[in-house]
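One structure below.
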Amino acid sequence: MIKWGILGPGSIAHHFAEALQNEGESILAVGARNKEKGQAFAEQFDIPRVYEGFQGVLDDTEVDVVYIATPHAFHYETIIEALKHGKHVLAEKAITVNSKQLDEITALAAEKQLIVAEAMTIYHMPIYKELQQLIDAGKIGDIQTLSVNFNSIKENDPKNRFFNPDLAGGALLDIGVYALSFVRMFIQDEPSEVISTVTKHETGVDQQAGIILKNKQGQLATITLSFMVESPERATVMGTKGFIDIEKFSRAQHATVCYVEQDKTETIEAGETEKALQYEVKAMKELIQKDVPHVTLPYTKDVMKIMDQLRKQWEISFSFE
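In the UniProt record's numbering, the protein residues as written are 1 to 321.
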């Protein structure tokens, strides 16, 4: 059985620990900068080993894989240390803040023969396997256009992680990574053209953006991101014979397919939204135990390159890069 260690007992880590337990996984250790929080987390999830800070988890030779749930500004250093200590790594999105960091991480993982992956729910929701089969069968024709909206209003506090540049704040790295991952999953090749406009917060990070992507096949994607408004989280994939409409696309279990030529619609359901993190656990286990192809890693790299381009266009960089 794989033995897990958790680094950072925050909100998402609570949900992930529940997913691990629901999958019958063994959580051996938790590391927390605040030992009291770590102890409370360990008691809640019956975790036998609690370490103040992360080093104890990394030094623990019985821990096979670590789940990193810290703010993404700190992922790079933590992942590097975990790999050096022989641990497989599943890190929350965004896995790093730029491609240079990601390339160094993946090179080290390959050298150490370890798995490193981003905890991106979209890649593992069962509904998308169903939809990809439908697309591959030509049911909605050739994919031409995608539209993605992800707007999530945040409290206007310059010190919180959403707007703090020292924590790599901004809508792009927080929610934009979902939208870009969705697009990359459905288009043939990575975008060759990236056009965008941005509204910045007083701290200098992006708080709202409009993005247009185009690849060499001519497939177009339009994306809107915002921390200033709230709206349904929706994505649409449009082909020459129909389109697919998906609400709550980051953890979708339903999709509506419209067949234009037949003038009919169909509802497709697969998986469960509540099990999104369990699907991540299963995928990580397969990568470690079954030596299956790491098919999502190229997507992760492509998305990071796009985010690099966007931040360059917006003249946004972080002091620690």
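Beta carbons: idealized from backbone N, C-alpha and C, even for Gly.
Please read all numbers here as calculations on a predicted model, not as lab measurements.
query	result
Cβ shell of I187 (< 6 Å), same chain only, five flanking positions each side left out	N215 and Q219
Backbone CA spacing between D59 and S196 [nearest angstrom]	44 Å
Contacting residues, own chain, Cβ-Cβ under 6 Å from Q313 (five flanking each side not counted)	S196
Reduced DSSP secondary structure (H/G/I, E/B, other) of N215	coil
Own chain partners of Y178 with C-beta closer than 7 Å, once the 5 adjacent residues on each side are dropped	I122, F150 and S250
Local conformation of N22 per DSSP, three classes	helix
Closest residue to F182 among H14, D166 and T145 (Cα-Cα distance)	T145
Proximity of E246 and A235 at Cβ, strictly below 7 Å	Here the sequence assigns Ile to residue 246, which means Glu is not the residue at that position. The answer is yes: Cβ separation under 7 Å.
Beta bridge counterpart(s) of R234 as assigned by DSSP	N149 and E247
Alpha-carbon to alpha-carbon, N34 and V55	Residue 55 is actually Gln in this sequence, not Val. Their Cα atoms are separated by approximately 13 Å.
Bridge partners - H75, DSSP secondary structure assignment	DSSP lists no partner for H75.
Reduced DSSP category for residue 330 - H, G, I as helix; E, B as strand; rest coil	As shown, the chain starts at 1 and ends at 321. That puts residue 330 outside it, with no answer to give.
Exposure of F163, with buried meaning 16 or more beta-carbon neighbours within 10 Å	buried
Beta strand (DSSP E) segment containing T222, residue limits	L220 to S226
Run of the beta strand (DSSP E) containing I268, from where it starts to where it stops	K264 to E269
Closest by C-alpha distance to G8, when choosing among Y299, M1, V57 and F243	V57
Beta-carbon spacing of D206, A171 below 7 Å	yes
Expected contact under 8 Å - CB spacing of L287 and I115 to nearest Å	5 Å
Three-state secondary structure (DSSP) of L58	helix
From C258, Y259 and T267, residue whose alpha carbon lies closest to that of A252	T267
Beta-carbon contacts of A91 that lie in its chain and below 7 Å, excluding the five residues immediately before and after	I68, H75, I79, E118 and A119
Counterpart residues of Q253 in DSSP-defined beta bridges	The partner list for Q253 (beta bridge, DSSP) is empty, contrary to what the question assumes.
Per DSSP, cross-strand counterpart(s) of A32	E52
Validate contact between the stretch 294-313 and the stretch 100-110 using beta carbons, cut 8 Å, 3 pairs	yes
Beta carbon proximity, G176 to chain B, threshold 7 Å	Checking the listed chains, one finds no chain B in this structure; it contains a single protein chain.
Cα-Cα separation, G242 to A137	13 Å
Beta-carbon proximity of E274 to H254, cut-off 7 Å	no
Contact under 7 Å by Cβ, V281 with E62	no
Reference S192; option with closest CA among Q309, A13 and V65	Q309
Counted within 10 angstroms of its Cβ, other Cβ atoms place A17 as buried (16 or more) or exposed	buried
Which of helix, strand or coil DSSP assigns to I113	Strictly speaking, residue 113 in this sequence is Gln, with Ile absent from that position. If DSSP states are grouped into helix, strand and coil, Q113 belongs with coil.
Coarse secondary structure for A69, derived from DSSP in three states	coil
Option in I27, E81, L83 and K87 with minimal Cα separation from residue 322	One cannot answer for residue 322 here, as it falls past the ends of the chain, which runs 1 to 321.
Beta-carbon proximity check, A29 vs G5, cutoff 7 Å	yes
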